[in-house]
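A short write-up of the structure that comes next.
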Amino acid sequence: MWGVNLSFGANFPDHAGAERTAARLAAAGVNSVRCHHMDTSAYPNGILDPKDPSRLSAEAIERLDYFIAQLAQRGIYANINLHVGRKASRFLGLPDPGTDYDKIAGIFTPRLVEAQKQYAQDLLCRTNAYRKVRYTDDPAVAFVEITNEDSVFMWDGTERLKAFPEFYAKILRERYAAWLRKRHGTTDRLKTAWSRGAEPLGGNLLAMDSFPGGNDTDAVGWRMEQHAGCSAKIARTGANGVRFDIAKADDTGWRLQLKQTPLALKAGRYYTLSFRARADAPRAIACGVGQDRSPWGGLGLWESVKLSKEWRDFSVRFKATADESHARLSFSFGGDAHSVELADVSLAPGGGKGLLPDESLEKATVALFGQAESEARSLDRDLFLADMERAYFDGMRAFLKKDLGLKGL
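Residues 891 to 1299 (the working numbering) are what the sequence shown spells out, left to right.
Below is the structure:
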């Protein structure tokens, strides 16, 4: 197959445009087109009805039918994309999941999955007015894509899962509890399983327990980095705290950093980073461990945490990915001009928490993400998410192939 993307309104040319485009593509040797981002907008930029985005535009459908017919006459196959940009949560009256195009939420939210199935049925089970055959039966419709760039394991899927509003978070918790009950049975058994691999927390590897005042040249152990004109002042707040008053920040987080180096890490060893933090207004900062020399690679930890005006405790466990005698712990707080406070920072070997005292399988109160998790807890979450995603794709494929009778790939 040698194909091209057609995005947004390019999928709905008028008849003359359809004929010209099909002829030009065929002359160039193209034998497939990917009908991409059809579902993102209302007609004329997309397939949705301008008055009711839960329905398809009759004019868009007529033009798409004719275009596919013209392509087919020249031996060009169509690849129909089902979910690229449609945000069904809007017309269903559901809370905004906070993800582009309902991505990830559409994998596990029953009403969003049903809305996608309805869209697929409305589009694919019609009879093409010009080819006199349903899309599901048309050999010219050679491919159907279920969803585009959509996975809990892609992009910043972890952060998106953590940030879902309660409507979606509750669905995830309940599904996770049901999965854990099937796997472990009871809360007591889960507690035992998740305690495996946990170990006592070692001593703090950081050079000092308290933060210094001053900037780069004044600090011992801790250093400030300020890049591209970004600037902040650092000041002590008590015995173990520091405040960053940010004078200038741009949209790149790492241009303002607090770091400590050198640190020695061993490959395959678990470490726990703990700290307290707040900000003058809600914002995010990032914490990470990586090389403090070329090639500046990561060493197993890079995580964004959300701060509020209130002090919060954070604890993150990670496995070092390489031996490194010149590692760095860094906090990146650029990207936002609101000032940040840190306290009680510790980086220590070991640690790992399993089931927490207030978590119960029977009450479905087991959080999808814990703090400084044991390896067994992290593994269970990843297995659950993989099973959840597999169930979505297997279910959608079965719906398309068996329920709708799709003949294409």
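Each residue gets a CB set at the ideal place from its N, CA and C atoms; glycine is no exception.
Out of the options, point me to the one whose CA is closest to residue i's CA.
| i | options | result |
| --- | --- | --- |
| residue 1262 | 1253, 1246, 1290 | 1246 |
| residue 995 | 978, 1028, 1113 | 978 |
| residue 1111 | 1016, 1179, 1015, 1151 | 1151 |
| residue 1113 | 1119, 1127, 1128, 1097 | 1097 |
| residue 1209 | 938, 1196, 1268, 1166 | 1268 |
| residue 1086 | 1249, 1148, 1243 | 1243 |
| residue 963 | 919, 936, 912, 920 | 912 |
| residue 915 | 892, 904, 1128 | 892 |
| residue 1020 | 1036, 1249, 953 | 953 |
| residue 1266 | 973, 1029, 1080, 1046 | 1080 |
| residue 1118 | 1131, 901, 1128, 1147 | 1147 |
Grab me the residues of residue i's own chain with a C-beta within less than 8 Å of its C-beta, minus the 5 sequence neighbours each way, in chain order.
| i | result |
| --- | --- |
| residue 1213 | 1155, 1156, 1157 |
| residue 1104 | With a pLDDT of 47 at residue 1104, under the threshold of 50, the modelled position of this residue cannot be trusted; read the value that follows with caution. Correct list, in chain order: 1124. |
| residue 832 | The chain is shown from 891 up to 1299; residue 832 falls before or after that span and cannot be answered. |
| residue 836 | What is shown of the chain runs 891 to 1299, which leaves residue 836 out entirely. |
Please list the terminal residues of the continuous alpha helix (DSSP H) segment that includes residue i.
| i | result |
| --- | --- |
| residue 1010 | 1000-1014 |
| residue 1049 | 1047-1053 |
Check for me: the beta strand (DSSP E) holding residue i runs from which residue to which?
| i | result |
| --- | --- |
| residue 1205 | 1202-1209 |
| residue 1112 | 1112-1116 |
| residue 907 | No beta strand (DSSP E) holds residue 907; the alpha helix (DSSP H) holding it covers 905-917. |
| residue 1192 | 1188-1197 |
| residue 1176 | 1173-1181 |
| residue 1261 | Counting along the chain, residue 1261 falls outside any beta strand (DSSP E), and DSSP gives it neither H nor E. |
| residue 1234 | 1230-1239 |
| residue 1216 | 1214-1222 |
Who are the Cβ neighbours of residue i in its own chain at under 7 Å, not counting the five residues just before and after it?
| i | result |
| --- | --- |
| residue 1067 | 1251, 1254, 1256 |
| residue 1053 | 988 |
| residue 982 | 1001, 1005 |
| residue 1173 | 1197, 1226, 1228 |
| residue 1298 | 1031, 1032, 1033, 1034 |
| residue 1194 | 1049, 1174, 1176 |
Going along the chain, which residues of its own chain have a beta-carbon closer than 6 Å to the beta-carbon of residue i, five neighbours each way excluded?
| i | result |
| --- | --- |
| residue 1236 | 1094, 1164 |
| residue 985 | 1055, 1057 |
Can you give the beta carbon distance from residue i to residue j, rounded, assuming they're within the 8 Å contact cut?
| i | j | result |
| --- | --- | --- |
| residue 947 | residue 956 | Not really, about 14 Å apart at Cβ, beyond 8 Å. |
| residue 1042 | residue 997 | 7 Å |
| residue 944 | residue 898 | That belief does not hold up - the Cβ atoms of residue 944 and residue 898 are roughly 19 Å apart, past 8 Å. |
| residue 961 | residue 923 | 6 Å |
| residue 975 | residue 929 | 6 Å |
| residue 959 | residue 1018 | 7 Å |
Got a sec: is the Cβ-Cβ distance from residue i to anything in chain C below 8 Å?
| i | result |
| --- | --- |
| residue 952 | The structure shown has no chain C; it contains just one protein chain. |
Checklist entry - With a cut-off of 8 Å, do at least 3 Cβ pairs link the stretch 1216-1223 to the stretch 1136-1148? => result yes
Next on the checklist: Assess contact between the stretch 1183-1201 and the stretch 1129-1139, defined as three or more Cβ pairs (one per stretch) separated by less than 8 Å. Is contact present?
Outcome noted: no
Next on the checklist: Across the stretch 1068-1079 and the stretch 997-1007, are there enough close Cβ pairs to call them in contact, namely three or more that are closer than 8 Å?
Outcome noted: no
Next on the checklist: Quick test of the definition: if touching needs 3 or more C-beta pairs under 8 Å, does the stretch 1189-1202 touch the stretch 1257-1277?
Outcome noted: no
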